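**Student:**
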Amino acid sequence: MRDTRESRLLLILLVAVAFALITVDIRGGESSPLGGARRAAASVLGPVERAASGAVDPVAGTVRAIRDAGTHQQRLDQITRENTDLRQRLASSDTAAGRTKQLDDMLRTAGAGGYTIKAAQVIAIGAAQGFSWTITIDAGTEDGLTRDMTVINGQGLVGRVTTVGPTTATVLLASDPGFTAGTRLEGSDEIGFANGQGTGPMRISLLNGRAQVKDGDRVVTFGSQGGRPFVPGVPVGTVVEVEATPGELTKTILVEPYVQFTRLDLVGVVVVPPRTDPRDAVLPPSPAPTPTAAPTPSSAAPAASAAATSSAAPGASAAATSSAAPGASGASPAPTGAGAGTAAANPSPSGGN
């Protein structure tokens, strides 16, 4: 349609008519004269709109899904990264708290024994230099470490240094079958030699075959000359079994170590031994014996006793009466006889008279 004067007038007329119809429809409200026309148009065009919507909606939904897929995936990736970061932070926080406690326990043990230690972290565990039970720590000659130094943690004896590099060192664990250390029993001071047995308790041979040992006795290191390879007083473990060795010159005991060798993280290498032997000062306080409550008589006991007494009394009385009566009657001649004897004795003087 060409842009002519007539076409412009027609467009203006149509717009004016539309505004007029809208005005009439709004002012009429529910009773609008155009209501019937609107309902007729709705009844005719409604099915067409529904059919068109049913045909177009799947296509539009697919287009929206394709358009939003990248956004949703990015959001999912962001949430995954945030969750991973939170888990790492939580694990790091738990690890830091655990290491802080280990360090506190180790410093407390070193302070009680007067040991000067160099803290180190376990960076590897396993066979090394032909040993079965070893660990590698992140400290070496640059940190003042040398061979045959005692290694401890917050619980007690871990092992001894066997090989030292500039920044690392290998430690032979006390659980290794080739490990040997001098030991001393708490209190009795009985001396022996401890050997590792892998995951089992340590085996200690006491030099005195008649030593008095019982389960629960505690063992510490005896110490070496100059504190190498072992400083004195380091807790070793608790006696769990005393083997019967009749006729032997030594006595064998099994000791459960304080240290859990499969869960090592922070350790301390004793670089300067104590000035004096700490003896048993490094051992944790002995557990207080559990008091045994004295048995209290139950309330039923006196009642039962009273019932037994009351029920037994008549029987005992009757028995006593029945048994005593014949005895009494049998015994009466005795006094009578005695009286008779007395009477018989009396006539004698009388007869004498």
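Each position in the sequence shown, counted from 1, maps to that position plus 812 in the working numbering. All C-beta atoms, glycine included, are put in the ideal place defined by N, C-alpha and C. Keep in mind the model is a prediction, meaning the values are calculated, not measured.
Within this structure, are the beta carbons of Thr1050 and Arg1030 separated by less than 8 Å?
**Tutor:** For Thr1050 and Arg1030, yes; Cβs fall inside 8 Å.
**Student:** For the 8 Å Cβ check, are there 3 or more pairs between the region 962–976 and the region 905–923?
**Tutor:** Cβ pair count under 8 Å is three or more, so yes.
**Student:** Rounded C-beta distance between Arg1015 and Leu1066? I'm assuming under 8 Å.
**Tutor:** Between Leu1066 and Arg1015 the Cβ distance is about 6 Å, and since that is below 8 Å, they are a contact.
**Student:** Can you tell me which of the three DSSP states Ala1137 falls into?
**Tutor:** A caution first: Ala1137 carries a pLDDT of 39, below 50, which makes its placement in the model unreliable, though a value can still be read off. Note: Ala1137 maps to helix in three-state DSSP.
**Student:** Mark Arg899 as exposed unless 16 or more other C-beta atoms lie within 10 angstroms of its C-beta, in which case mark it buried.
**Tutor:** Classification for Arg899: exposed.
**Student:** Does the region 923–935 come within contact of the region 1074–1089, defined as at least 3 CB pairs closer than 8 Å?
**Tutor:** The region 923–935 is in contact with the region 1074–1089.
**Student:** What's the C-alpha gap between Ser944 and Ala936?
**Tutor:** Cα to Cα, Ser944 sits roughly 13 Å from Ala936.
**Student:** Go through its chain and collect everything with a Cβ distance to Gly910's Cβ below 6 Å, but skip five positions before and after it.
**Tutor:** Cβ within range, chain order: n/a, list empty.
**Student:** Tell me the DSSP secondary structure of Gly1127 in three-state form.
**Tutor:** At Gly1127, the pLDDT of 43 sits below 50, so the modelled position is not reliable; the number obtained from the coordinates is stated separately. Correct three-state label for Gly1127: helix.
**Student:** Would you be able to state if there are at least three C-beta pairs under 8 Å between the region 995–1004 and the region 947–963?
**Tutor:** As far as the Cβ criterion goes, the region 947–963 does not touch the region 995–1004, which means the pair count is below three.
**Student:** Determine the burial state of Ile949: buried for a count of at least 16 other Cβ atoms within 10 Å of its Cβ, exposed for fewer.
**Tutor:** That one is buried.
**Student:** On the DSSP letters alone, give me the boundaries of the beta strand (DSSP E) that Met1014 sits inside.
**Tutor:** Note, Met1014: beta strand (DSSP E), Met1014 to Leu1018.
**Student:** By the three-class DSSP mapping on this structure, what secondary structure does Glu1002 have?
**Tutor:** Glu1002 falls in the coil class under three-state DSSP.
**Student:** The beta strand (DSSP E) that contains Lys1063, what's its start and end?
**Tutor:** Lys1063 to Pro1069 is the extent of the beta strand (DSSP E) around Lys1063.
**Student:** Per DSSP, what kind of secondary structure is Pro1047 in: helix, strand or coil?
**Tutor:** It is a strand residue.
**Student:** Here's the rule I'm using: 16 or more other beta-carbon atoms within 10 Å means buried, otherwise exposed. How should Asp897 be labelled?
**Tutor:** That one is exposed.
**Student:** What are the start and end residues of the beta strand (DSSP E) that includes Thr995?
**Tutor:** First-last of the beta strand (DSSP E) with Thr995: Thr992 to Leu997.
**Student:** If the criterion is Cβ atoms closer than 8 Å, does the pair Val1079 and Ala986 meet it?
**Tutor:** Against a cut-off of 8 Å, the Cβ pair of Ala986 and Val1079 comes out as no contact.
**Student:** Quick check: the Cα distance between Gln885 and Thr874, rounded to an integer number of angstroms?
**Tutor:** So the two alpha carbons sit approximately 16 Å from each other.
**Student:** Contact check, Thr962 vs Val1043 under 8 Å by CB: the rounded distance?
**Tutor:** With 8 Å as the limit, Thr962 and Val1043 qualify as a contact, their Cβ atoms being about 5 Å apart.
**Student:** Assuming Lys930 is part of the beta strand (DSSP E), what are its boundary residues?
**Tutor:** Residues Thr928 to Ile937.
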